[in-house]
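Here the structure comes first, spelled out in structure tokens, and everything after it is commentary.
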Amino acid sequence: MSNDSANVVITNSQGEFLLHLRDYKAGICAPGTWATVGGMREPGESPEENAYRELVEESGLDLSLTALGTFERNGAEVAVFHTHWDGDADALEVTEGIMFRWFNARQLHMLNISDFAQKCLHLFDPSLQLAERHQEEAGGLIDVWKTIGRLNERLERHSGLPREQRVLMQIIKLQEELGEVAEAVVGVCGQNPRKGFSHTWDDVEAEVCDVITTAMVALERLTPAEAQSRFDQHLKKIASRDLEPTD
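Residues 197 to 443, numbered by the numbering used here, are exactly what the sequence shown covers, in order.
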């Protein structure tokens, strides 16, 4: 039996990408990741027939397809197609996985996108900025503090400042990211007299994630190799002060 497959990149008129959140369970490909619609090829199917069937089965959408190309994954061919749809992701019937969501290009690097979906997206647009994929823990979950440590190491390698100044600059960077959140909220409310409605709530969420990431890197710089335990201790203190005890 062939292990060949097909995937479909779906975009709308706003330049957003429709991604599918896969089930987080054992025995399936890329559990718990965001992915493009697609699946294995059945006997006798052409690549386009494969892609069309998966599109209908997973999303209920009946749309024409344009071939983007192919790539090899684990010794099998993955055929990639593109289609255009302007619709409400929440209105789609979810027959597999958890949900569908639209994401704009600047949000993609914040998502845990499966390796095959990343290749599909890059076939559509090679300039897309996607998160680097590294060896992950069992189940596909990223090690948060290990990743924060690696981010800090990368930033340290590219900085010629003394340690005290590097810490200070990261705190200043946190203030800058908070300003980006405020700007996004203003844009959602349409209160910028020059730009009007310039942002979405998805943009706000992405900016908040940037704030959290920047703050975690700042804590890593302040307490090298102890950031996780320091944060855990602080969170326990807050929980004991503000939360009712659990059974």
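C-beta: ideal position from N, C-alpha, C; glycine also.
Note that the coordinates shown come from a computational prediction; the quantities given were computed from them, not determined experimentally.
Query	Result
Spatial neighbours of Leu347 in its chain, beta-carbon cut-off 7 angstroms, leaving aside the 5 residues before and after	Val413
DSSP bridge partner residues for Phe213 (one or two, in chain order)	Thr207, Phe299
Separation of Glu379 from Glu373, as counted between CA atoms	10 angstroms
Nearest-angstrom Cα separation, counted from Ala301 out to Ile434	36 angstroms
Minimum C-alpha distance to Phe296 - residue among Ser436, Glu212, Arg417	Glu212
Straight-line gap, Val340 to Leu370 (C-alpha atoms, nearest Å)	18 angstroms
Closest Cα partner of Asp406 within the set Ala423, Phe427, Leu307	Leu307
For Glu268 and Gln314, the rounded distance between their alpha carbons	13 angstroms
Close Cβ partners of Pro441 (< 6 angstroms) along its chain, the five nearest in sequence each way excluded	none
Cβ pair Ala231, Leu215 closer than 8 angstroms	yes
Check whether Ala272 and Ser201 have beta carbons under 8 angstroms apart	yes
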